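In order, the protein sequences belong to chains F and V.
Count the first sequence with the working numbering and you get residues 853 to 1343, in order.
Count the second sequence with the working numbering and you get residues 3 to 510, in order.
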Amino acid sequence: MTPAWTILSAFAGALLVLLLPARSAALSRVIALAAAIVGALAAAVGCVAKLAHPDATPWSFDRDWIPSLGARMHLAADGLSLALLLLTGVVAIAGILFSWNIDKRQRAFFSLFLTIIGGVYGVFLSRDAFLLFVCYEVVILPKYLLIAIWGSTRKEYGAMKLTMYSIGASALILVGLAAAYAAAGGTSFDLQHLAAADYSPGFQAWAFPVLFLGFAVLAGVWPFHTWAPTGHVAAPTAASMLLAGVVMKLGAFGALCVAMPIFPEGFAQWRGAIAGLAVMGVLYGAFTALSQKDLKFVIGYSSVSHMGFVLLGLAAATHWGLRGAALQMISHGIIAGLLFGIAGRVVYARTHTRDLAELRGFDLWRSLPGAAVAFTLATAASMGLPGFSGFVAEISVAIGLWESFPLLLIPLILGIVITGAFSLRALQKAFFPVRGETDAKPPKLPPLTWPEITAIVLLLAVSLAIGIYPKPWIVLIDDGLASPLFQSILP
Amino acid sequence: MLLTLILAPLAGAALLAAWRGAGDRAAGRLAAWWSLIPIVLVALLGFRGANAQGLMADWSLDWIPDAGITLSFAVDGTSWLFLLLTALVTAFVLAVSIQKGLTSRSYAALILVMETMLLGVFTARHFIPFFLGWEMTLIPAYLLIRLWGGPNAPRAARRFFIVTLGGGVCMLLGFLALQIGVNTMDFGQLTEMASKGELAAGLATTFAGTGLTGPTLLLTVAVAVLLGLAVKIPIVPFHAWLPDAYAEAPTPVTMLLTGLLSKMGVYGLLRVFLPVFPEVYATLAPWLAALAVATVLLGAVAALAQKDLKRILAYSSVNHLGYCVLAAAAVVASQGDRESASSAISGAFLQAFNHGIIASAMFFGIAILESRSGGLRGLDDFGGLRARVPVLCGLMGLAIFASLGLPGLSGFIGEFLVFNGTFGLLPWAAAVSVLGLLFTAIFLLRLIRKVFHGPLGQLGSNWADLSASERWLFAPVIALIVIPGLWPQVLLQFLNADTLRLLDFLKP
């Protein structure tokens, strides 16, 4: 079972679901789940094989594709890609489980969902900048449709804003890549080739920010983050999970594996500015989340804050910093998926509100204890408490910062404390028992369903597994970071 | 065996979580019986005794291999004492909770989770596992205060959480700086390097870009770490979260907070901070001593001004743990006076242990008063209770006298050793702190006078004295107050060798 099965299963699943007759809509979710499981299994097999035989030749696939451009169908799986594939697979399974009872146009929904997943797998495996860009674009259109058709809360506005931002960002990426392609001789889009080429410092000084910003917008960099909270809120649950959990990681992945290795000198000139923006993102996201009334907006802004850590790790540009960025990508993917799943699906489907003040009336601690406990744990994970994945990621980023920008740790302390504050505030308001009215009978809500429980347990287990025993994940990430691509960035 | 010990309470919590049909009382009973397992395991460790390196057990696991980060745990005599305290207080708290009708599945499970984390903190030999337990206690503590506490619990719990989280982050960043500077966060390795003066040098080379000298950098790191510990103990002026949290928490949870959670701070100060940062002692000594004196005095004076029994005891805890900080400050100030330093530090450990037991006993007394009076616990609500509940009065009185340091009871030896050591090293600080002892005596005796003596008020005229089960609950804590008071060697024997090892950094 090679890593290619991830892409194949997702696209095959998407096609198969579309071809189903309209009557067998219920079958579509089973097929979607099966496709997601195959993808996750392929990723898991790849990870385990990598851990068991770290020195074996990594899987790769390299064919001519568009000879006139020099673009090739070049896929390869190092440890970092495998870890991110596994993340995607897990979030995909959880997303489908949380969407189990979706009642509108199931076939189209699952087909689009799997298409996004396939595109994401493609990005993580691409070793050719052109192919990577194509896969990246495959993600954008279905994203728009998912929000515009199945969304809520100003869905047209959210969908349009997100798409405009994405397309604008793609334009920047395209310009940056084209500039690099031309300057490197115009013969190949291969990432190694582009990274090895010699660009003049003056060229890098403008080409790097263009390319980097294109990716960073998708990673939610402040002040270009505003698409993220509105988009996350408007999206249907499974799409919020994908957006926050995986799609934002595409931006960070592109920044790490494309923008930075191609223009290392440009990166060196701009990294101070990137670090500054990242810290602003951490603080701004946290402070804004502190004053939100909608539970999903709290989570949306917390994503901005958490992705700030990823960018900080990248800006630190030490081994620890990059490792921390990668860990935070994985960790936040899991945790954001969990938070959105509970708030957007488990709770919303039963209460039809996400307003913190209204949720209080439902006394969720007693009427829906399973969700309340799960959300409490997810909140703890999101705060970066030790034992959960967020902690390992945040200490790695913090070590990276100590090495590069020690003074930024002071605002970062504030950011972490405010994260604690807004997480607790949302948790208390939405889930904890209401004082003084404890004798009133809580409203009767349907209990958690098995798909929901499975999804919650799966995501929590992965977060805890990383938090308690991060070694295998770190080995995988380090394998990716050992690639020659990063040698020009690391000190 | 160590791993079994640490994970045993967690297994109990898992059992409770899985037992869906459990009634509240049955769940409480299961937890209380289950909490005897750690006591047995700790006792077994004690009987087994230490090996040549002074360890009773150890266990470790690679965590982030290339940085040398391991989850390593080990028990020596001092750790053992804290393990014993944890196991005993947890079992006691669970039993008291049943008595008070507080238990439910989640309540009991949270207390067991907390026990696992505490056992981890008291045995960790590397910063990462230490911090893991340190921060993970926050979730159960927060939930226990928030969900089972009094009317203002949400605010108190939130403040407790945020302030301690902030302190924790400072401590974490301090140690991460060491990880980069000298490439290790292992307590043993750090101690060894510190004794050779390598920490400041390592930080200076790594952070040459900042233009600061090694000692300044190390001082910054040390202050960050101290901040985290100071919030937890707490040291004045970082105590603002404490009175609300202690008063709003249900009384058994208050026992946990003061009996165990604050001990994490003391343990960290004595076992982590002292051995790792000797290089900056000269700068820190006067400050730490001043803060210690302020903690002792302010705790006592504030207790004097309170009307709520729980708040009085809360401030009294601040005051008592102040002596531990005083001892640490004295050690910091010692210039090779090994004997005084060793007395002070043994005293601090004993004080921590005894305070845990005594505070549990006193809060248990208050819990009984609360349940008899229907939740009242103002100083002026009671009066003349001795006539109705002589046994409660006697036992509570014993605990109070132990708390104010009456010779023959356990509180005395700790305070005596602390002052014995401190007078030799920091005479002025010790002299001022003695005032704290005086105030303590005043407010504790006032408590006895107002509650148990005088004319019998409306309240309590129809009270029954302690029931058999309440007496049985009091028996073990009273024994633990009396026996070490008469025969301190039971506890001291575990400390001596470790204390000397801890003081290796003192040049003779």
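Where is the CB? At the ideal position from N, CA and C, for every residue including glycine.
Predicted model, so just to flag it, every value in this text is computed and none were measured.
- In this chain, the alpha helix (DSSP H) harbouring A499 of chain V covers Q491 to L504.
- For V233 of chain V, there are no C-beta contacts with chain F under 8 Å, since the nearest C-beta of that chain is about 12 Å from it.
- A straight-line Cα-Cα distance of about 41 Å links G1196 of chain F and Q1121 of chain F.
- Under the three-state reduction of DSSP, L63 of chain V is assigned to strand.
- Taking C-beta atoms as the reference points, Q181 of chain V and E472 of chain V fail to come closer than 8 Å.
- Residue F:F1115 holds the alpha-carbon nearest to the alpha-carbon of L1029 of chain F among F:F1115, F:I1270, F:H1084 and F:A895.
- At least one beta carbon of chain F lies nearer than 8 Å to the beta carbon of W65 of chain V.
- Closest in alpha carbon position to G1332 of chain F, among F:L1300, F:A1223, F:K1148 and F:A1177, is F:A1177.
- By DSSP's assignment, F913 of chain F forms a beta bridge with F:L927.
- Leaving aside the five residues that flank L879 of chain F on each side, the residues in its chain whose CB is nearer than 7 Å to its CB run, in chain order, L872.
- Secondary structure of L1264 of chain F (DSSP, three-state): helix.
- Using a CB distance cut-off of 8 Å, E137 of chain V counts as an interface residue toward chain F.
- By alpha-carbon distance to V165 of chain V, the top candidate from F:L1164, F:P1343 and F:A1273 is F:A1273.
- Annotated three-state conformation of V77 of chain V is strand, per DSSP.
- Residues of the stretch 1048-1079 of chain F with a C-beta less than 8 Å from any C-beta of chain V: none at all.
- Considering only V:G103, V:R127 and V:L112, the residue with the shortest C-alpha distance to T72 of chain V is V:R127.
- At a cut-off of 8 Å between C-beta atoms, I1126 of chain F does not count as an interface residue with respect to chain V.
- In this structure, DSSP gives S951 of chain F a state outside helix and strand, which the three-state scheme calls coil.
- Between L5 of chain V and W61 of chain V, the gap from beta carbon to beta carbon is short of 8 Å.
- Within the stretch 103-128 of chain V, contact with chain F at the beta-carbon level (separation under 7 Å) is assigned to no residue.
- H128 of chain V carries a strand assignment under DSSP once its states are collapsed to helix, strand and coil.
- With fewer than 16 other Cβ atoms inside 10 Å of its own Cβ, N154 of chain V counts as exposed.
- Contacts with chain V (Cβ-Cβ distance below 9 Å) from the stretch 1142-1168 of chain F involve no residue at all.
- Counting only runs of 4+ residues, the alpha helix (DSSP H) found wholly inside the stretch 285-357 of chain V occupies 311-335, in chain order.
- The stretch 321-340 of chain V and the stretch 276-287 of chain V touch, with no fewer than 3 CB-CB distances between them shorter than 8 Å.
- When the beta-carbon positions are compared, L1163 of chain F and A1111 of chain F stay at least 8 Å from each other.
- Looking at the DSSP output, S978 of chain F sits in a beta bridge with F:L927.
- Using a Cβ-Cβ cut-off of 8 Å, F1338 of chain F does not count as an interface residue toward chain V, since no Cβ of chain V sits closer than that to its own.
- When Cβ pairs closer than 8 Å are counted between the two stretches, the stretch 137-148 of chain V is seen not to touch the stretch 35-45 of chain V, the count staying below three.
- 8 Å or more divides the Cβ of G183 of chain V from the Cβ of T218 of chain V.
- When the beta-carbon positions are compared, L85 of chain V and F132 of chain V stay at least 8 Å from each other.
- With a cut-off of 8 Å on Cβ pairs, the stretch 403-415 of chain V is not in contact with the stretch 377-394 of chain V, counting fewer than three such pairs.
- If you draw a 10 Å sphere on the C-beta of L440 of chain V, you find fewer than 16 other C-beta atoms in it, and that means exposed.
- Within the same chain, Cβ atoms closer than 6 Å to the Cβ of G1252 of chain F are found at G1165, A1168, T1170, W1172, G1173 and G1176, the five residues on either side in sequence being excluded.
- Selection F:S1157, F:G1128, F:L977 and F:R959 evaluated against Y1136 of chain F yields F:S1157 as nearest (Cα-Cα).
- The continuous alpha helix (DSSP H) containing H1158 of chain F extends over residues L1147 to A1168.
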